[in-house]
Amino acid sequence: MAGAATGSSPAAPAAAVPVVPPKLLTLVIPHIGGRLLLGKKLRGFGEAGYYNGFGGKVEQGETIEASAKRELLEEAGITATCMQHCGLLTFVFDDNPQPWEVHVFRVTAFGGEPAASDEMAPRYFAEAEVPYERMWADDVHWYPLFLAGKLFEGTFHFHNTHTLVGHTLTEVHSLSLPAQPLQ
674 MAGAATGSSP AAPAAAVPVV PPKLLTLVIP HIGGRLLLGK KLRGFGEAGY YNGFGGKVEQ
734 GETIEASAKR ELLEEAGITA TCMQHCGLLT FVFDDNPQPW EVHVFRVTAF GGEPAASDEM
794 APRYFAEAEV PYERMWADDV HWYPLFLAGK LFEGTFHFHN THTLVGHTLT EVHSLSLPAQ
854 PLQ
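Read left to right, the sequence shown gives residues 674 to 856 (the numbering used here).
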């Protein structure tokens, strides 16, 4: 059930039905006591030196939630003990025919101590100090909803992978996850 629109850009292209099925991904962000645990990207897709949540591709035979927990453990060395599905983001790139469907999770409790992996170096940030200038261009739009504990859905259009050219973003009242593993 959709709520009020929370933002869009005038340059947002008309919504088109993707011809290629989306790539299914997860994004996990520990948010505890007014602090976020983000990872400084060391290698892999994206910009080295950028900060992001932890996550990646949902593997065949894996549920979205199991993928989110696995990625958090692999990239930050911690185990989510309390995790909520809070966002669904679609990314459309003009230089890649396959859109991304990214399921965002908020972790409010975890076991273990954050540790660097070969891909990410974890670091805490206060809510007021989120390093948007060293993050993906879409983050400044949806992180405020995440920080406020809201549920949200959005679509972001990028030119040449990194230039945000349009978006829609809506606060929603509920989200659902497929219960079946990826086939």
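Each residue gets a CB set at the ideal place from its N, CA and C atoms; glycine is no exception.
- Are there 16 or more other CB atoms within 10 angstroms of the CB of residue 726, so buried, or fewer, so exposed? With 16 or more Cβ atoms within 10 Å of its Cβ, residue 726 is classed as buried.
- Item | Straight-line Cα distance separating residue 826 from residue 784 | 29 Å
- With 16 as the cutoff for other CB atoms within 10 Å, does residue 675 come out buried or exposed? Since pLDDT at residue 675 reaches only 45, below the 50 mark, its modelled position is unreliable, and the value read off the structure follows with that caveat. It counts as exposed.
- Task: Alpha carbon to alpha carbon, how far is residue 713 from residue 794? Give it in angstroms, no decimals.
- Result: 5 Å
- Between the Cα of residue 766 and the Cα atoms of 811, 820 and 819, which residue gives the shortest distance? 811
- Task: Give the C-beta separation of residue 780 and residue 753 to the nearest angstrom, bearing in mind that I take them to be a contact with Cβ-Cβ under 8 Å.
- Result: 5 Å
- Message: Looking only at its chain, what residues have a beta carbon closer than 7 Å to the beta carbon of residue 816, apart from the 5 residues adjacent to it on each side?
- Response: Counting only Cβ-Cβ distances below 7 Å, and skipping sequence neighbours, we find 803.
- Can you tell me which of 694, 764, 769 and 692 puts its alpha carbon nearest to the alpha carbon of residue 700? Considering only alpha carbons, the answer is 764.
- Pull up the DSSP beta-bridge partners for residue 753, would you. DSSP output for residue 753 lists 783 as bridge partner(s).
- Message: According to DSSP, residue 844 sits in a beta bridge with which residue or residues?
- Response: 825
- Item | Per DSSP, cross-strand counterpart(s) of residue 712 | 725 and 795
- residue 836 burial status per 10 Å Cβ neighbour count (16 or more: buried): Exposed: under 16 other Cβ atoms inside 10 Å.
- Task: Measure the Cβ-Cβ separation of residue 819 and residue 729 and say whether it is below 8 Å.
- Result: no
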